[in-house]
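Each step along the sequence shown adds one to the number in full-length UniProt numbering, with nothing skipped, and position 278 is 278.
A virtual CB, placed ideally from N, CA and C, is assigned to each residue, including glycine.
Note that this is a predicted model, so its numbers are computed, not measured.
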Amino acid sequence: MMNALMTAICIAWAGFFFLFYRGLYHRHVRHAAYAEFARATFTAVQAHFPELKSKSTSLVIDKGFGIKDDEAWQEALHTFISHRVVSELSPRTREALKASPSASKDFSTLTVNLVLSLIAHQSMPETNNITEAIASIEEPEDPIAFLTGTPKFKPKKEVLTRLAVAVLAVGLMGGASPSNAASGEAFSPLSACSALADIDGFQPNKSGYIELYDGIFSCATPYKELGNQALPNNIALYGKGNASEVTRVKLMLNVNVSSHGAQDAKLLASLCTQMITNVTGISASDLEQKIAQGKPFKQPFHGYNAYLDRTVWKTGKGYELNCGIATLNKNRAAC
């Protein structure tokens, strides 16, 4: 009887220590992943802090009576994380995020909250405190959460959008060349995301054509800097649609140096007309002069809508120009 009791106690202790050390291991692995997520987020935000801070206010619409529409800002935030933060991660980490929904949730939760925390400052912080970042999203560990290795996030901190998953390769696909869309039809991800791939600096990000949230997919190119100032103007290409087709492709010019705005608008016009020509197979040269003027417009183009948007940042320190083409059923206001 005594031997049986001792055996049971030993088994219980062995089980406890197994769960305890497994909990320690899972916490160590999770916090190591958090550290890389935070490093990538800090690097990406540091490179684009003024633009992000400006957009966090300029893209929020005050509808009165305490109601604010932040849909455009939330979409810009998700796009930034999916294309700018993800590109700072190691290839191994990107693959791990694609393979694990729980890891993707951890990534989304930390990065979204960390970006919001960083841009809440008047200027970019010089350092990043990973301990504070973790404490801001996770509840103090209770025994069950610790032993299972599953984080317990604070209320309203958990992010459920599936960032950095469902990657569809749009890069070098066997050397195939993009095919032009028929008039009015949506574009293939390869055609849209690689529309300017033959120009230096406009190759698609390695993250590919990825799901932002709820079946909305997007691709982007890295920011191409247009000067040597401390914070130069920059330009990037974005495609957006569903899992199988792109319904809008655009170039975004962020103007941080207003004195160079006019000349860079001319570059935008040249690139945008080339982009439209490449994705549709129809020359868009007649639009170049109109785009170069930098004045917003929207007009039909062979079954599509060609457009130029201008958004002035509320900080007064710059503005952005978006030049693109969209299918007729694409709600450009929600882009």
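Along the alpha helix (DSSP H) that carries residue i, what are the first and last residues, could you check?
i	result
Thr277	261-280
Ile291	288-292
Ser58	49-58
Leu77	71-80
Since residue i is in the beta strand (DSSP E), which residue starts that stretch and which ends it?
i	result
Gln299	297-301
Glu320	319-327
Ser191	That residue, Ser191, is in no beta strand (DSSP E); its alpha helix (DSSP H) goes 189-193.
Glu211	209-213
Thr311	304-312
Leu251	246-255
Ala243	Run containing Ala243: none; DSSP gives neither H nor E here.
Lys63	61-64
Ile216	216-220
When burial is assigned at 16 or more other CB atoms within 10 Å of the CB, is residue i buried or exposed?
i	result
Ile325	buried
Val167	With a pLDDT of 31 at Val167, under the threshold of 50, the predicted position of this residue should be treated as unreliable, though the coordinate-derived value follows. By the neighbour-count rule (16 or more Cβ atoms within 10 Å), Val167 is buried.
Tyr307	buried
Met275	buried
Lys250	buried
Ile119	buried
Leu190	buried
His121	exposed
Ser218	buried
Ile81	buried
Val312	exposed
Ala103	buried
Glu139	exposed
Glu126	exposed
Tyr209	buried
Gly184	exposed
residue 360	Look at the range of the chain in this structure, 1 to 335, and you will see that residue 360 is not part of it.
Met252	buried
Thr7	exposed
Thr327	buried
Ala262	exposed
Gly318	buried
Ala38	buried
Asn205	buried
For residue i, which option in the options has the closest C-alpha, if you only look at C-alpha atoms?
i	options	result
Ser270	Phe297, Gly316, Asn128, Cys323	Cys323
Thr43	Val85, His31, Arg30	Val85
Asn198	Asn278, Val115, Glu71	First, the residue type needs correcting, since residue 198 is Asp and not Asn in the sequence shown. Nearest C-alpha to Asp198: Asn278.
Thr221	Ser87, Ala47, Lys156, Glu71	Ser87
Lys224	Ser244, Glu211, Ser218, Gln203	Gln203
Thr315	Met6, Cys10, Glu51	Glu51
Pro151	His28, His48, Ile11	His28
Pro101	Asn305, Ala47, Val159	Val159
Gly200	Gly208, Val255, Ile216, Ile235	One detail in the question is off: residue 200 reads as Asp in this sequence, not Gly. Comparing Cα positions, the closest option is Ile235.
Tyr34	Ile144, Pro155, Lys105	Lys105
His260	Thr247, Gly227, Met6, Thr280	Gly227
Leu77	Ser90, Leu114, Leu89, Pro91	Leu114
Asn305	Thr247, Lys206, Ser258	Thr247
Ser258	Cys272, Ile282, Asn233, Glu211	Asn233
Ser123	Ile216, Glu36, Cys272, Val45	Val45
Ile144	Leu24, Asn129, Tyr319	Leu24
Glu71	Lys154, Tyr213, Ala32, Pro91	Tyr213
His48	Leu231, Asn129, Tyr319	Leu231
Asn128	Thr273, Val255, Gln293, Glu36	Glu36
Trp73	Ala292, Ala32, Leu116	Leu116
Glu211	Lys295, Thr79, Ile11	Thr79
Ile130	Ala292, His26, Arg310, Thr41	Thr41
His31	Leu89, Ile9, Gly149	Gly149
Ala292	Lys157, Asn329, Asp309	Asp309
So does residue i have its beta carbon nearer than 6 Å to some heavy atom of the ligand NAD?
i	result
Asp214	Judged by which ligands are present, the structure shown has none, so any question about the ligand NAD falls away.
Item checked: Whole alpha helix (DSSP H) elements within the segment 89-142, 4-residue minimum -> 91-99, 101-119, 130-137
Kindly confirm or deny that the segment 260-275 and the segment 286-295 touch, where touching means at least three C-beta pairs closer than 8 Å. yes
For the pair the segment 62-74 and the segment 93-100, tell me if three or more CB-CB distances fall below 8 Å. no
Closer than 8 Å is the cut-off here; do at least three beta carbon pairs connect the segment 184-201 with the segment 44-59?
no
Review point. How do the segment 294-308 and the segment 222-241 stand: do at least 3 beta-carbon pairs fall below 8 Å, yes or no?
Key: no
### Message
Measuring CB atoms only, is the segment 107-116 touching the segment 134-153, in the sense that at least three cross pairs come out at less than 8 Å?
### Response
yes
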